[in-house]
Each structure stands twice: as C-alpha cells, then as structure tokens.
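**Student:**
Protein chains: 2
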Amino acid sequence: MPNTTNQSPADPAPRSMRSASVRTANLSQVLSALHFHGPLTRSDLCAYTGLTRSSVAVQVSELTDAGLVFEQAPQSDGRPGRPSPLVTFSTDIAALAIEVEVDSIAAAVFRLGGESLAERRLARTRSQVRVEDAIADIGTLARDVLADAGSPTIIGTGVGVVGLVEEAENTVTMAPNLGWDNVPLGQLLANEIKDCGEIRVGNEANLSARAESTRGAGRDANDMIYLSGEVGVGGGVISNGRPLTGRSGFAGEIGHLTVNPDGRSCGCGSIGCWETEIGIRALLERAGLNPDDGADAAETLWDHADRGEEQARDALTATGRWLGIGVSTLINIFNPDVIVLGGMYRTGYAHLIDAVRAELETRVLPPLRGAAIVPSILGDSAILIGAAEMAFEHALADPIGTMSSIRT
Amino acid sequence: MPNTTNQSPADPAPRSMRSASVRTANLSQVLSALHFHGPLTRSDLCAYTGLTRSSVAVQVSELTDAGLVFEQAPQSDGRPGRPSPLVTFSTDIAALAIEVEVDSIAAAVFRLGGESLAERRLARTRSQVRVEDAIADIGTLARDVLADAGSPTIIGTGVGVVGLVEEAENTVTMAPNLGWDNVPLGQLLANEIKDCGEIRVGNEANLSARAESTRGAGRDANDMIYLSGEVGVGGGVISNGRPLTGRSGFAGEIGHLTVNPDGRSCGCGSIGCWETEIGIRALLERAGLNPDDGADAAETLWDHADRGEEQARDALTATGRWLGIGVSTLINIFNPDVIVLGGMYRTGYAHLIDAVRAELETRVLPPLRGAAIVPSILGDSAILIGAAEMAFEHALADPIGTMSSIRT
DNA sequence: ATAATTTGTGCGAACCGTGAACAAATGGTC
DNA sequence: GACCATTTGTTCACGGTTCGCACAAATTAT
Chain A
1 MPNTTNQSPA
11 DPAPRSMRSA
21 SVRTANLSQV
31 LSALHFHGPL
41 TRSDLCAYTG
51 LTRSSVAVQV
61 SELTDAGLVF
71 EQAPQSDGRP
81 GRPSPLVTFS
91 TDIAALAIEV
101 EVDSIAAAVF
111 RLGGESLAER
121 RLARTRSQVR
131 VEDAIADIGT
141 LARDVLADAG
151 SPTIIGTGVG
161 VVGLVEEAEN
171 TVTMAPNLGW
181 DNVPLGQLLA
191 NEIKDCGEIR
201 VGNEANLSAR
211 AESTRGAGRD
221 ANDMIYLSGE
231 VGVGGGVISN
241 GRPLTGRSGF
251 AGEIGHLTVN
261 PDGRSCGCGS
271 IGCWETEIGI
281 RALLERAGLN
291 PDDGADAAET
301 LWDHADRGEE
311 QARDALTATG
321 RWLGIGVSTL
331 INIFNPDVIV
341 LGGMYRTGYA
351 HLIDAVRAEL
361 ETRVLPPLRG
371 AAIVPSILGD
381 SAILIGAAEM
391 AFEHALADPI
401 GTMSSIRT
Chain B
409 MPNTTNQSPA
419 DPAPRSMRSA
429 SVRTANLSQV
439 LSALHFHGPL
449 TRSDLCAYTG
459 LTRSSVAVQV
469 SELTDAGLVF
479 EQAPQSDGRP
489 GRPSPLVTFS
499 TDIAALAIEV
509 EVDSIAAAVF
519 RLGGESLAER
529 RLARTRSQVR
539 VEDAIADIGT
549 LARDVLADAG
559 SPTIIGTGVG
569 VVGLVEEAEN
579 TVTMAPNLGW
589 DNVPLGQLLA
599 NEIKDCGEIR
609 VGNEANLSAR
619 AESTRGAGRD
629 ANDMIYLSGE
639 VGVGGGVISN
649 GRPLTGRSGF
659 AGEIGHLTVN
669 PDGRSCGCGS
679 IGCWETEIGI
689 RALLERAGLN
699 PDDGADAAET
709 LWDHADRGEE
719 QARDALTATG
729 RWLGIGVSTL
739 INIFNPDVIV
749 LGGMYRTGYA
759 HLIDAVRAEL
769 ETRVLPPLRG
779 AAIVPSILGD
789 SAILIGAAEM
799 AFEHALADPI
809 GTMSSIRT
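From first to last, the protein sequence lines are chains A and B.
Residue 90 in our numbering sits at position 90 of the first sequence, and the numbers go up by one each step.
To convert, count from 1 in the second sequence and add 408; that's our numbering.
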C-alpha cells in the first residue's frame with residue numbers, strides 16, 4: 001500500500017495554497033468586482049483585478065459556463081479602439097433575503113449586483129411569535145416572493161433576526177422581543193424551504209451595517225459603525241471592510257454600553273445602558289408622551305419639534321446629548337471613518353445632530369475627530385439588503401464551487 | 409511597439425493572484441508555523457501547513473537559501489520510521505524592538521521564534537522629552553543592544569510609543585505625556601539607525617495587545633481585549649486574530665470611553681472618561697494617598713489591602729466596580745474570548761477581580777458572559793515583544809521578498 | 001482609404017503543488 | 001543479526017494557472 005499518509009491530510013487544514021486556490025481567488029475577484037461595481041467590460045475587469053486580458057478571458061468564460069454571467073455584444077463608447085464586451089449578471093441567479101421583525105416578516109429576492117427583483121412583507125399583530133408559526137409564514141412568504149421574481153436559481157439565503165444570533169450555528173440565541181430562546185433557525189428553515197442554497201442567519205443590526213457598508217452611506221469607508229434604534233438600540237461594526245463578529249457573532253451590542261451607571265434599569269438586567277437613554281421610550285417620556293406608543297409617536301414628535309414646541313425640542317436635545325456621549329465612546333474605541341445612523345435616528349437626524357455634534361466636540365480625542373456622522377440612506381430596506389449580501393458571500397468567495405454544489 | 413498597456417497595470421492593484429503569490433503564501437505559512445509554534449520537523453510542517461512533503465522540502469530549502477532557517481540533523485524520537493530533520497531559526501536573523509516611555513527608553517533584540525537575545529533599558533528623569541534627545545538616545549541604545557546580541561542581521565524594527573500613533577505614516581500624532589505632537593518618528597529613526605529594515609511605529613497598548621495575543625494570556629483566543637493602566641488607561645483589541653486599527657490606527661483608546669458623564673474632568677478635555685475612574689490617580693485618591701505618587705504607591709496600596717486596612721480595601725472595591733462597568737461595556741461591544749489586564753491591573757489583579765466580576769454579573773448580556781478576565785502574563789516586556797512581532801510581520805508575510813530587500 | 005488605438009485570441013513559457021515510486025532511516029520481532 | 005513495518009526524504013512527470021507576446025479584429029481620427 002502506498003504511503004499517502006500525510007501527503008493529503010484528511011481532516012483539518014485548508015491553510016496552504018495550490019494552483020486551484022489561485023483560480024478560485026481570481027474568479028472571486030472578477031465576480032466581486034462585478035457585484036460591487038456593477039456590469040463592467042472585460043477591459044474594466046483587467047483594471048479592477050490587475051489580471052491580464054488572457055486571464056480575464058478565461059475567468060469570464062468559466063463564470064459564463066457556470067451560468068453566473070453572460071457577455072453582451074460590445075458597444076462603442078466613442079473612443080477609438082476595439083470595444084470591449086459588457087459582462088452582465090445572469091437574470092436567473094439570485095439570493096433570497098428574509099427579515100424577521102417583531103411586527104412583520106419580509107422576504108425579498110436580489111440579483112447579483114444588488115438589484116431587487118421582488119419583495120413581500122407580512123404584517124402581524126404585535127405579540128410574541130411562536131416559532132412554528134414564524135417558520136410556516138416564512139415558508140409561504142418565500143415561495144410567493146420567489147414566484148414573483150420568476151423562480152430564479154437561488155444561490156444562498158440570508159436571514160436577519162431581531163436578537164442575538166450565534167452566526168456559526170445559525171441559531172437565534174436570545175430574542176426577547178420575539179420570545180425566542182436558542183432557536184436553531186437555520187436548520188428549521190432548511191426543512192421548510194428547499195433549493196435555497198446555504199442558509200445563514202444574522203443579527204438585523206449587523207446586517208444593516210453590512211448593507212450600509214457595501215451599498216449605503218458607508219460605501220467609501222473602510223471602518224464604519226452603524227447604529228439603529230427604536231425600542232432597543234442595536235448596531236454593527238465594519239472594521240477594515242469586514243464585519244466584526246466576536247467570539248460567537250454577538251459583537252456589536254452597542255445598545256448595552258453603560259453610559260450612566262446609576263441611571264435607569266434596562267431590560268437586560270443592567271443599569272444605565274445606552275438604550276435606556278437614547279431608546280424611543282426615553283425619548284417619548286422626555287417629551288411627555290406615552291413611552292409605549294412606538295415609532296409612530298416619534299414621527300409626530302419630529303412634527304412637534306418642527307413647530308417649535310419647547311418640550312419636544314428639549315426632549316430631542318437631551319436625547320441628542322446622550323446619543324453624542326455614546327457616539328463619542330464609539331469613536332474613541334473604533335476610530336471609524338463614518339458613523340451611520342439608522343432607525344429613528346435617521347428620521348430624526350435633523351433634530352438630533354446638533355446636540356450630538358456639540359457633545360463630540362468635547363468628548364472625542366482631537367486626532368479622532370474626523371469621523372462623519374451621517375444618516376442611513378438605505379432606510380428600512382437595509383436589513384434585507386444586508387441579508388442578501390451575507391447570502392452572496394459564499395458565491396463570491398468561490399463561484400464555481402457553490403454553483404456546482406447548488407446544481408446537485 | 410507591442411501593446412502591453414493593461415497587460416501589466418503599472419500603479420494600483422496587487423489584488424489578483426499569480427503563481428508567485430502561491431509560493432509567497434506557502435513560504436509565509438511555513439515560516440509563520442515555525443515562528444509561532446517553535447522549531448518543527450519537516451514532518452510537523454506538513455501537518456501544520458497541509459502541504460505535501462515534496463512541497464515542504466522546496467519551501468524549507470528556499471528559506472534556508474535565504475538564510476532564515478537551517479536544518480538540524482534528524483534525531484530519533486523513539487517511534488519507528490525515518491526521523492525528520494528539525495527546522496530551526498538562523499541565529500543571526502532578528503528583529504529590533506524599541507519602547508519609548510515617559511521615564512525610560514528600552515531596546516531589545518528578538519530572534520525569529522520570539523527568543524530574546526538582548527535587552528537594555530535607559531532610565532530618565534520624569535519630564536518632557538525633547539524629540540532630538542530621544543532620537544539620539546534610541547540610536548545609542550539600539551547600537552549597544554545590537555552589539556550585545558552579536559550584531560545579527562535585522563529584518564525589521566518595531567517601535568512602541570506612549571501616545572496616539574498614525575500607523576500608516578509611522579508618526580506619533582499626539583503624545584501628551586512626552587509633549588510630542590505630530591512627530592514623524594519613523595523617518596527620524598531611519599536617519600539615526602541604519603540597516604535595521606523597515607521601521608514601524610505603534611501605540612504601546614496596541615503592541616502589548618499584540619504580544620499577549622501571540623505569546624501571552626490570549627494565545628488561544630481569537631478575540632481578545634487588552635487593558636492596561638497606570639496614570640493613563642490604554643488598550644488594544646484583537647479581532648479574529650488581527651489587531652483592530654481603525655481608520656488611522658488610533659483604535660483602542662478605551663481609556664476614553666465615557667462611563668460617568670457628570671464625573672471628573674479628564675486630561676483629554678472630556679468629562680467622565682473611564683481613566684478618570686480607574687486610573688492610578690483615582691485609585692490613590694480613594695485610598696487617601698497622594699494621587700501623584702505613581703506606580704510605586706500602588707504597590708504599597710496592595711500591601712495595605714493585604715494587611716486588611718479598610719480604606720485601602722474600599723478604594724480597591726470602588727475602583728474594581730468602575731473597572732467592571734467598563735469591562736462590561738467592552739464585552740457587550742466586542743464579544744471577546746478573553747480580557748487581559750496589564751499594568752497595575754495585573755499587579756493588583758487579586759485585589760480587584762472580585763469587584764469586577766460582581767459588576768459583570770449584572771451588566772453583561774447573559775449569552776456574552778463566557779469571557780474570561782485574566783492577568784497579563786508578559787508583564788512589562790509585553791511592549792517590546794509586541795514591537796518585535798510587528799517588526800516580524802513583513803518578513804513572515806513575504807520571507808524572500810524582505811530578505812532580498814534587506815541584502816541590497 | 002489609411003493610421004492610430006484599443007481589445008480579443010491563441011500559444012508557448014515559466015512556475016507551482018501533487019502524487020507516485022523509490023530510497024533511506026528508524027524501531028520492533030523473531 | 002535478519003527481516004518487516006513504519007515513517008520520511010528525494011526525484012520526477014503531470015496537470016493546472018497565469019503571463020506575455022504576436023497577431024487579428026474592431027473602432028475612431030485623419
């Protein structure tokens with residue numbers, strides 16, 4: 001018997017590089033360039049990837065064979081020289097995105113490149129959600145939206161959930177607002193929806209961060225922090241272009257940084273968490289409104305402030321101050337390019353930003369002051385977009401590999 | 409003239425992979441395995457890297473030719489089979505590490521693998537440090553310590569500084585304790601010390617974090633936070649095995665997270681920074697001692713606490729509580745495996761840890777509670793070790809490339 | 001119509017890791 | 001001491017990959 005003992009190690013290490021890795025990496029480069037920069041000519045692809053024309057030709061032909069892209073007839077662009085054919089995404093390859101909120105469930109289908117093909121949302125009465133019901137609802141919603149989109153081949157599925165998600169396990173570890181505890185959502189969904197590629201589950205704020213980073217207000221930033229708030233306050237961090245996960249994928253729970261150790265008690269059991277000061281309940285309470293009225297009440301609050309009502313403005317200034325205190329902390333810790341405000345901080349941006357900036361001026365270390373504070377530009381669709389990006393991740397990293405695993 | 413226009417793009421993108429990248433990546437794998445796991449047999453290297461025996465043979469021979477490693481005669485290990493030669497580091501390849509503190513300057517030489525060959529420290533009176541003097545001192549110290557080490561070939565130099573460092577520029581942006589402002593330390597040192605490879609400058613706490621992560625208390629952790637305090641409080645974050653830098657390398661200024669918005673004013677201009685509550689001044693003040701007495705006074709404080717003096721113990725409990733408040737925030741944000749306490753939190757660990765843990769129990773989100781809080785095991789040498797690791801980074805990433813650029 | 005410019009195509013060259021066959025070196029067994 | 005099993009180094013043909021050149025193709029400018 002020949003001694004192939006450690007010539008091909010069975011279990012552990014894909015650490016080393018072989019020729020095939022080069023091909024995979026370059027295919028990934030090409031497909032990623034297309035995904036993030038839109039349809040490009042082969043000539044553009046040479047510039048983006050640094051590969052030669054010969055090599056790009058091979059990559060494109062391989063991606064075409066895999067059914068991921070196709071080439072459109074060259075079109076003259078007015079400059080001299082032979083025109084280069086445009087490499088475009090196939091119309092029947094897409095990712096499925098699912099969003100599980102407290103009062104609604106949504107599903108959408110996105111084509112490579114980020115174009116939305118279809119979207120559906122199912123509203124629900126605001127109450128605890130039984131897991132089985134949610135799974136069933138997601139199933140029908142997914143089937144419907146896939147039909148709307150023309151039943152494309154699904155390359156992967158991303159699910160965004162309000163709650164702590166153990167990403168490696170695709171499990172919802174804790175979702176108090178849904179009443180969920182240790183729900184293996186990935187596995188459960190795999191039984192409910194078929195032929196939807198690999199299913200990955202993520203926290204909604206982390207996914208929004210991912211979305212704003214790739215297609216939103218953080219597009220040009222390498223280091224970005226996303227902050228979103230309604231009742232709870234969540235966030236996500238993009239460090240050096242990649243999402244911060246932490247040990248189990250829980251990183252980014254910035255709603256629970258302590259800003260006021262002797263302040264109000266938080267639902268999490270702690271005292272003085274940031275979200276007790278900048279959450280919607282604190283804001284409404286300061287404005288003399290019913291803290292339980294939710295997001296709609298916030299909208300009316302902006303109106304009141306626009307009309308110059310004093311209590312409304314004071315409430316916004318106070319909330320903006322606390323917002324600024326926490327943002328200062330985040331800037332000092334992360335040294336980001338930009339901080340993106342989502343949720344009610346997006347709609348209320350104009351009313352809050354001055355108080356925030358005032359706080360930053362004294363609290364941020366001078367050399368770190370360059371960080372921009374901007375409102376989200378993707379708004380409510382950020383979660384679905386982020387879920388789709390997460391779903392695309394595998395296909396972008398290993399295009400032919402995932403395609404061939406789909407086709408089985 | 410042939411059209412090589414975009415066949416080989418001049419300026420920007422080394423994004424793509426070519427055959428040479430494979431070789432470089434695998435050489436990096438092999439040398440890194442040796443650097444982080446100590447001398448290994450060629451057989452071990454197969455297991456660590458996943459490469460075949462044939463390939464490892466080529467890599468090792470190339471590294472040998474470059475003068476980085478050499479093979480020791482095979483030694484039987486008691487098991488059957490042909491013994492494998494041990495690949496060991498060359499004795500005359502090393503990195504230079506420099507540490508610039510307020511009251512001392514230090515330099516050390518480390519061999520590949522992390523072994524210290526020589527170390528020197530130059531104490532100074534505690535005062536502002538003129539840049540030119542510091543440069544000159546570093547120069548003589550470096551020359552002396554290199555002579556001590558037997559004048560090895562220096563593969564790279566790392567410098568750790570108390571202050572904000574713009575890593576990409578190797579510039580000390582702000583170092584209030586030294587009285588430095590926008591000092592291009594990398595360039596200045598390049599004129600002072602010759603033949604010391606590429607010079608990189610980093611923040612001392614970030615470098616300590618790096619050191620603890622690779623060779624200290626965070627060796628087995630992927631996500632680690634290092635926290636160190638004397639007068640000021642600094643830190644560094646290792647996320648997914650790599651140091652968090654932020655936009656300009658300033659990330660990790662965790663001493664300036666706001667824990668007490670209406671508390672004491674901080675030297676940075678803000679109010680209620682963490683370091684105003686857990687810095688040595690606050691601790692000594694609470695214990696009824698002179699806040700300006702510094703680290704020595706802290707040592708006596710531990711003694712007082714050991715003897716059961718009430719004010720000392722109360723001061724430690726109060727400080728531990730604030731320590732716990734901030735650590736909770738960090739855990740909720742980063743979801744780390746482990747938090748490493750350095751500086752006076754290492755020497756005072758036993759006196760502080762209970763109060764810290766008590767605070768964590770209420771303030772850390774339940775699913776995030778697994779994080780371990782441990783004392784630094786590298787102690788005062790962490791900065792130099794981290795500086796050396798930073799210096800090694802280039803050589804580990806591209807062994808032959810850096811060697812040939814050194815030999816010119 | 002001709003030149004200049006840009007790009008696709010085809011092919012040989014260079015490089016790299018793989019894996020099989022063989023040789024070398026050790027421990028265990030009879 | 002002879003032999004076998006085991007493990008590892010060495011050699012080499014092979015397949016895979018990108019590169020770079022030469023040439024052809026397609027467009028604009030003159």
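Cβ atoms here follow ideal geometry from the backbone N, Cα and C, with glycine treated the same way.
The structure displayed is predicted, hence computed values, not measured ones.
Which residues in chain B have a C-beta closer than 7 angstroms to the C-beta of Leu244 of chain A? List them in chain order.
**Tutor:** Going along chain B in sequence order, the residues near Leu244 of chain A (Cβ under 7 angstroms) are Ser647.
**Student:** What residue from B:Ala531, B:Leu525, B:Gln536 and B:Lys602 has the CA that sits closest to Asp556 of chain B's CA?
**Tutor:** That would be B:Leu525, whose Cα lies nearest to the Cα of Asp556 of chain B.
**Student:** Counting Cβ pairs closer than 8 angstroms, one from the region 236–244 of chain A and one from the region 283–296 of chain A, do we hit at least three?
**Tutor:** The answer is no - the region 283–296 of chain A does not touch the region 236–244 of chain A, with fewer than three Cβ pairs under 8 angstroms.
**Student:** Can you check whether the C-beta of Asp337 of chain A is within less than 7 angstroms of a C-beta belonging to chain B?
**Tutor:** By this cut-off, Asp337 of chain A is an interface position.
**Student:** Give, in chain order, every unbroken run of the alpha helix (DSSP H) that is at least 4 residues long and sits entirely within the region 307–357 of chain A.
**Tutor:** With a minimum length of 4 residues, the continuous alpha helix (DSSP H) runs that stay inside the region 307–357 of chain A are 310–334 and 344–347.
**Student:** Compile a chain-ordered list of the residues in the region 455–470 of chain B whose CB is closer than 9 angstroms to at least one CB of chain A.
**Tutor:** Flagged, chain order: Ala455, Tyr456, Thr457, Gly458, Leu459, Thr460, Arg461, Ser462 and Ser463.
**Student:** Quick check on Cys266 of chain A - is its C-beta less than 7 angstroms from some C-beta in chain B?
**Tutor:** No, no contact with chain B.
**Student:** To the nearest angstrom, how far is the alpha carbon of Val430 of chain B from that of Asn240 of chain A?
**Tutor:** Straight-line Cα distance between these residues: approximately 24 angstroms.
**Student:** Of the choices A:Gly156, A:Gly38, A:Asp262 and A:Gly386, whose alpha-carbon is the least far from that of Gly218 of chain A?
**Tutor:** Selected option, being the one with the closest Cα: A:Gly386.
**Student:** Whose Cβ in chain A lies nearer than 7 angstroms to the Cβ of Gln677 of chain B?
**Tutor:** Sequence inspection shows Gly at residue 677 of chain B; the Gln mentioned does not correspond to that position. Per Cβ cutoff of 7 angstroms: Thr362.
**Student:** What residue ranges within the region 161–230 of chain A form continuous alpha helix (DSSP H) runs of no fewer than 4 residues, ordered along the chain?
**Tutor:** Listed in chain order, they are 185–192 and 204–215.
**Student:** How many Å lie between Ala799 of chain B and Glu606 of chain B at the Cα?
**Tutor:** One C-alpha to the other measures close to 8 angstroms.
**Student:** Assuming Ala779 of chain B contacts Pro744 of chain B (C-beta within less than 8 angstroms), just tell me the rounded distance between them.
**Tutor:** Confirmed, Cβ separation roughly 5 angstroms.
**Student:** Under three-state DSSP, which class holds Gln467 of chain B?
**Tutor:** Helix.
**Student:** Against Ser16 of chain A, what residues of chain B qualify as contacts under a CB-to-CB distance less than 7 angstroms, listed in chain order?
**Tutor:** Those are Asn434, Gln437, Thr457, Gly458 and Leu459, listed as they occur along chain B.
**Student:** Contact check, Glu320 of chain A vs Leu368 of chain A under 8 angstroms by CB: the rounded distance?
**Tutor:** The question names Glu, but residue 320 of chain A is Gly in the sequence shown. Actually they are not in contact, since the Cβ atoms of Gly320 of chain A and Leu368 of chain A sit about 20 angstroms apart, beyond 8 angstroms.
**Student:** Taking a Cβ distance cut-off of 7 angstroms, strictly less, list which residues of the region 316–342 of chain A are near chain B, in chain order.
**Tutor:** If the cut-off is 7 angstroms between Cβ atoms, the region 316–342 of chain A has Ile325, Ser328, Thr329, Asn332, Ile333, Phe334, Asn335, Pro336 and Asp337 near chain B.
**Student:** Please work out which residues of its chain come closer than 7 angstroms, Cβ to Cβ, to Ala73 of chain A, disregarding the five sequence neighbours upstream and downstream, and give them in chain order.
**Tutor:** Excluding sequence neighbours, Ala73 of chain A sits near Pro85.
**Student:** Would you check if the distance between the CB atom of Arg124 of chain A and the CB atom of Asp103 of chain A is smaller than 7 angstroms?
**Tutor:** Contact: yes.
**Student:** Just to confirm my understanding: we take Ile733 of chain B, look at its own chain, exclude 5 residues before and 5 after, and list those with CB closer than 6 angstroms. What are they?
**Tutor:** Hits under 6 angstroms: Val667 and Glu767.
**Student:** Distance, Cα to Cα, Ala659 of chain B vs Met224 of chain A?
**Tutor:** Each residue's alpha carbon lies about 12 angstroms from the other.
**Student:** Would you tell me roughly how many angstroms separate the C-alpha atoms of Val327 of chain A and Ala57 of chain A, rounded to the nearest one?
**Tutor:** C-alpha separation (whole angstroms): 47 angstroms.
**Student:** Which term fits Pro39 of chain A, buried or exposed, when burial requires 16 or more other beta carbons within 10 angstroms of its beta carbon?
**Tutor:** Exposed is the call here.
**Student:** Am I right that Ser228 of chain A and Ala205 of chain A are in contact with their C-beta atoms under 8 angstroms? What's the rounded C-beta distance?
**Tutor:** Going by Cβ atoms, the distance from Ser228 of chain A to Ala205 of chain A rounds to 5 angstroms, so yes, they are a contact pair.
**Student:** Let me check understanding here. Comparing Cα to Cα, which of B:Leu476, B:Glu661, B:Cys674 and B:Leu773 lies closest to Thr496 of chain B?
**Tutor:** Ranking B:Leu476, B:Glu661, B:Cys674 and B:Leu773 by Cα distance to Thr496 of chain B puts B:Leu476 first.
**Student:** Under 8 angstroms Cβ-Cβ, which residues of chain B neighbour Leu257 of chain A?
**Tutor:** Residues of chain B passing the Cβ test: Leu665, Thr737, Asn740 and Ile741.
**Student:** With 16 as the cutoff for other CB atoms within 10 Å, does Asp452 of chain B come out buried or exposed?
**Tutor:** By the 10 Å Cβ count, Asp452 of chain B comes out buried.
**Student:** To the nearest angstrom, how far is it from the Cα of Pro261 of chain A to the Cα of Arg623 of chain B?
**Tutor:** So the alpha carbons of these two residues sit roughly 35 angstroms apart.
**Student:** So which residues on chain B does Pro85 of chain A lean against when the C-beta distance must stay under 9 angstroms?
**Tutor:** Here the premise fails: no neighbours, minimum Cβ distance about 16 angstroms.
**Student:** Quick one: give me the first and last residue of the beta strand (DSSP E) that Leu474 of chain B is part of.
**Tutor:** A quick correction: the sequence has Ala, not Leu, at residue 474 of chain B. No beta strand (DSSP E) holds Ala474 of chain B; DSSP gives it neither H nor E.
**Student:** Can you round the beta-carbon distance between Ser270 of chain A and Arg771 of chain B to whole angstroms, since I take them to be within the 8 angstroms contact cut?
**Tutor:** Between Arg771 of chain B and Ser270 of chain A the Cβ distance is about 4 angstroms, and since that is below 8 angstroms, they are a contact.
**Student:** Between the alpha carbons of Asn332 of chain A and Gly113 of chain A, how many angstroms are there, rounded?
**Tutor:** Going by the C-alpha atoms only, they are around 34 angstroms apart.
**Student:** If I measure Cβ to Cβ from Glu527 of chain B and keep anything under 6 angstroms in the same chain, skipping five residues before and after, which residues do I get?
**Tutor:** Excluding residues within five positions, the ones whose Cβ falls inside 6 angstroms are Ala516.
**Student:** So that I know if they touch, is there some Cβ in chain A lying closer than 7 angstroms to that of Glu373 of chain B?
**Tutor:** Since the first and last residues shown for chain B are 409 and 816, residue 373 of chain B lies out of range.
**Student:** Give a yes or no on whether the C-beta atoms belonging to Glu507 of chain B and Gly564 of chain B are separated by under 7 angstroms.
**Tutor:** Cβ distance not < 7 angstroms, so Glu507 of chain B and Gly564 of chain B don't count as in contact.
**Student:** Nearest by alpha-carbon distance to Ile546 of chain B: which of B:Glu509, B:Ser789 and B:Phe444 is it?
**Tutor:** Ile546 of chain B has its Cα closest to that of B:Glu509, out of B:Glu509, B:Ser789 and B:Phe444.
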